[in-house]
Amino acid sequence: MINLIIKDFPIRKRLALDILVSCLVGNLLFIEAPAFIYILVPSVLVYGHILNSCTYNDRYNGDVMFNSLPVTRKEVVLSKYAGSFVILILSVGATLIFTYLFRALNVSGAAVSSFIHLNKMIHLDQINGLMNIKGTLSSCATTIIIMIAIYFPIYFRFEFKDVKNVFVLVLYLLWVIPFFLIKLIGAYNISRAVMYLNNMNTVILGILLAAALFILIYISINLSIKFYTSRDI
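Converting from the sequence shown to our numbering requires adding 786 to each position, the first position being numbered 1.
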């Protein structure tokens, strides 16, 4: 199964460049709200890896190739999930490093003034001030794990060519929905919710969140295995 995980990485030959560009753009867009850089940039990078991997398999009949190898369909499914979590860790680490460097170098300019205005208009700067690094990384991991848990059962249930446009829409929504919710709910209400979570016992909150995400991924994996093993290839 390790070889199946490694197989997907050469597909992203430009992974380092993608990370660099994504971090740069993220810093330009959210220069006064770095918490959102740590949430959105890794999400986009993980999604990009998954989408490229699935596109590659569809283009070169990866399912037929897997059937000719001494691997089970369960191992194929597990390798997709495992590879996504590896990319999650790499993306978060790289985003932390590059964002620290960009902010230390004060990467900005006249072109970002409109984005700074946008940050203030939807109160990202206020919400950012309430989020500590633990809360930010937890939000990042939660967002990506939910995305993975939803994505793969759909991918293994249907033909990729039939749903790839849906996946592109999901990527777009990942960027749009957070801003829409902030504007809809209001910065004040979100600030109160963030403060409430910050005041909760972090150990209990962490355990509950980890348990919920584990159950979600467990259900997702089993659905993916069920769908893929019953698919005619």
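No residue lacks a Cβ here, since even glycine has one placed at the ideal position from N, Cα and C.
Residue i - containing alpha helix (DSSP H), residue span
i	result
E861	R859 to A890
P939	I919 to R943
S1010	T988 to T1015
Nearest-angstrom Cβ-Cβ length linking residue i and residue j, presumed shorter than 8 Å
i	j	result
N833	M933	The sequence given here has Tyr at residue 833, not Asn. Contact holds; Cβ gap of about 6 Å.
F871	C809	Wrong, their Cβ atoms sit about 20 Å apart, outside the cutoff.
C926	V956	C926 to V956, Cβ: 17 Å. No contact.
L734	Y824	Residue numbering for the chain in the displayed model covers 787 to 1019; residue 734 lies beyond these limits and cannot be assessed.
Nearest-angstrom Cα separation, counted from residue j out to residue i
i	j	result
V954	T988	35 Å
L875	I1007	It is Ile, not Leu, that sits at residue 875 in the sequence shown. Those two C-alpha atoms are separated by around 19 Å.
N938	A890	Going by the sequence as given, residue 938 is Phe instead of Asn. F938 and A890: Cα-Cα distance of roughly 38 Å.
V857	V830	30 Å
F1000	I931	9 Å
G895	L814	For G895, the predicted structure reports a pLDDT of 47, less than 50, and the residue's modelled location is therefore unreliable. The matter cannot be settled from this model.
A762	A935	Examination of residue 762 is not possible in this model, given that the chain is present from 787 through 1019 alone.
N975	M981	10 Å
N892	G812	13 Å
P828	R1017	31 Å
K920	F944	37 Å
A997	I873	22 Å
Y958	V862	27 Å
V949	Y941	8 Å
D804	T922	22 Å
R978	K947	43 Å
K1012	L826	31 Å
S1010	Y1004	10 Å
N951	L837	11 Å
K866	F822	26 Å
S835	T928	Ser is not the amino acid found at residue 835; the sequence shown has His there. Approximately 18 Å between the Cα atoms of the pair.
S899	V807	Below a pLDDT of 50, predicted positions are generally treated as unreliable, and S899, at 48, falls in that range; the measurement from the model is reported next regardless. Taking the straight line from one Cα to the other gives about 19 Å.
L970	R859	43 Å
A897	F888	Unreliable positioning characterises A897 in this predicted model, as indicated by a pLDDT of 46, which lies under 50. The coordinate reading is nonetheless provided below. Going by the C-alpha atoms only, they are around 16 Å apart.
I963	S924	18 Å
N985	A802	38 Å
F966	R845	35 Å
Touch test, the region 993-1003 against the region 835-843, Cβ-Cβ under 8 Å, three pairs minimum: no
Of all the alpha helix (DSSP H) runs that stay within the bounds of the region 799-838, which reach a length of 4 or more residues? 801-815
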